[in-house]
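Here the structure is laid out as structure tokens; the discussion comes afterwards.
6 protein chains.
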Amino acid sequence: MESHALDPSLPGVRQLQDWIRERTPLQLQLIDGTALGGCLYWQDPEFLALKTSPEAPLLLMGRRAVALIRPLG
Amino acid sequence: MESHALDPSLPGVRQLQDWIRERTPLQLQLIDGTALGGCLYWQDPEFLALKTSPEAPLLLMGRRAVALIRPLG
Amino acid sequence: MESHALDPSLPGVRQLQDWIRERTPLQLQLIDGTALGGCLYWQDPEFLALKTSPEAPLLLMGRRAVALIRPLG
Amino acid sequence: MESHALDPSLPGVRQLQDWIRERTPLQLQLIDGTALGGCLYWQDPEFLALKTSPEAPLLLMGRRAVALIRPLG
Amino acid sequence: MESHALDPSLPGVRQLQDWIRERTPLQLQLIDGTALGGCLYWQDPEFLALKTSPEAPLLLMGRRAVALIRPLG
Amino acid sequence: MESHALDPSLPGVRQLQDWIRERTPLQLQLIDGTALGGCLYWQDPEFLALKTSPEAPLLLMGRRAVALIRPLG
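Residue numbers (our numbering), protein chains in the order written: chain A, 9 to 81; chain B, 9 to 81; chain C, 9 to 81; chain D, 9 to 81; chain E, 9 to 81; chain F, 9 to 81.
Given below as structure tokens:
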């Protein structure tokens, strides 16, 4: 587990925070090629929490497994 | 091995802890694409412990190898 | 998350900074084989931010997932 | 190389230690999908040492490459 | 990003430095199986800089993504 | 780059050192599935140095990319 705190001065952390606050629809691609669409709900140093639809349960995506995040639409 | 202690203030650690306490049926996907269904029994900084059924033995899943965890059903 | 600050004395950080400043068209290859063309807009210790065209939204590429970056043209 | 010492208070380290002491037959799956059956002989922070049969030589498995360990039988 | 300085007492750093100084033609294989031929120009803790031919632009190869480096010829 | 020194008290480091000293023929498998046969010449925290035959040049194998090492024969 990565126990470092998130550093809010980093542009990546801030960009993710913006996408979380605005519930921006995103496509997230993992390093195994899996792609998922949805909105982010929170980030911590180890995971991103995602819902693929508003009524879906939260799912956790390993931050180390993230290859690419891009806004949809 | 990751020797950092788990930080219970992180939402990812707490979410996993909730799933462990409630024995939530989960699908866990590894970065090689392997997917497994089951319930979590404990977490530590290196592994998640999973049973694919209540009478099955515990198996260990490398935390670094986790790509995605999602509740089933 | 990698919380180390970027070290501007490293040639890799400086090379990326040059490509960012000059908006050099690049091909970026991830460790899953995904390749993307575009220009870099910023770097932080965890992500590179890329636009595939000037009017496209920023996308984030996990720095650990980068296998190869090469100038195009 | 991971130079941290193993922390015997972690349940993952203890579970592995149990399997080592009891020579539990295990299936070990690596993140490239390779699966091997055998018993563990020792663990250190970088490797697990495995024999696929009692008279086979020890082989080393990179701890970071472990995706899944499950008891057989 | 790896912010550790390179340690010139390590044989791997020295071997790479020799190949850089002598412009030894090398084959570099990444963990996704991509192979590239060329000469190294510098190393830092995060990247190796490579030219596939003397007039080609520098390209950056993620050090964590390197599986194998072997001299050609 | 891993800048930690090798810890000779670890059984994995010692096992590798034995194989280096005795020039034990080994099969080394990387996490992308590549397999190579040869003898080890040295280890450092980032790389293992291998010759596939006594007259071949040294090649470097990223320690993080190692999935499995097993003696041949």
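Ideal Cβ positions, reconstructed from N, Cα and C, are used throughout, including at glycine. Bear in mind that the values here come from a model prediction, so they are computed numbers and not experimental data.
- Taking 8 angstroms as the threshold, the shortest C-beta distance from F/D52 to chain E falls below it.
- For B/R72, there is no enclosing alpha helix (DSSP H), as DSSP marks it with neither H nor E.
- B/G20 belongs to the set of residues whose beta carbon lies under 8 angstroms from a beta carbon in chain A.
- Cβ-Cβ separation between B/A73 and D/I39: approximately 5 angstroms, consistent with a contact (criterion under 8 angstroms).
- Residue range 19-29 is occupied by the alpha helix (DSSP H) that includes A/L24.
- In this structure, E/R29 is the residue among E/Q37, E/R29, E/E63 with its C-alpha nearest to the C-alpha of E/L48.
- Under the Cβ criterion (8 angstroms, minimum of three pairs), the stretch 50-59 of chain B does not count as touching the stretch 57-64 of chain A.
- In this structure, B/L34 sits near B/P79, with a CB-CB distance shorter than 8 angstroms.
- By the Cβ-count criterion, A/A75 is buried, with 16 or more other Cβ atoms from all chains shown falling within 10 Å of its own Cβ.
- Annotated three-state conformation of D/P79 is strand, per DSSP.
- When rounded, the separation of the alpha-carbon atoms in C/M69 and B/E54 is 25 angstroms.
- For C/T32, there are no neighbours in chain A by C-beta distance under 9 angstroms, as the nearest C-beta there is about 19 angstroms away.
- Remark: C-beta atoms of A/L18 and C/D52 approach each other more closely than 8 angstroms.
- Closest option to C/V21, judged by alpha-carbon separation, among E/G81, E/W50, E/A64, E/E63: E/W50.
- E/G41 has its alpha-carbon roughly 15 angstroms from the corresponding atom of F/L36.
- Take D/A43, set aside five residues on each side of it, and the residues of its chain with a beta-carbon closer than 8 angstroms to its own are Q35, L36, Q37, in chain order.
- For the stretch 48-77 of chain D, the beta-carbon criterion of a distance under 9 angstroms to any beta-carbon of chain B is satisfied by Q51, D52, P53, E54, R71, R72, A73, V74, A75, L76, I77.
- With fewer than 16 other Cβ atoms inside 10 Å of its own Cβ, A/G45 counts as exposed.
- Linking E/P65 to C/R31 through their CA atoms gives a straight-line distance of about 15 angstroms.
- Listed along chain D are L38, I39, D40, G70, A73, each with a C-beta nearer than 8 angstroms to that of F/I39.
- When the five nearest sequence neighbours on each side are left out, the beta carbons in the same chain lying within less than 6 angstroms of the beta carbon of D/L67 are those of L58, in order along the chain.
- In the displayed model, C/G46 falls within a strand according to three-state DSSP.
- Secondary structure of D/L38 (DSSP, three-state): strand.
- As the crow flies, the alpha-carbon of A/G81 is around 55 angstroms from that of F/P16.
- Under the Cβ criterion of 8 angstroms, E/Q23 is counted among the residues facing chain F.
- For E/P16, the closest Cβ of chain F is not nearer than 8 angstroms.
- Cβ contact annotation for E/L24 (same chain, cutoff 6 angstroms, sequence separation greater than five): Q51, in chain order.
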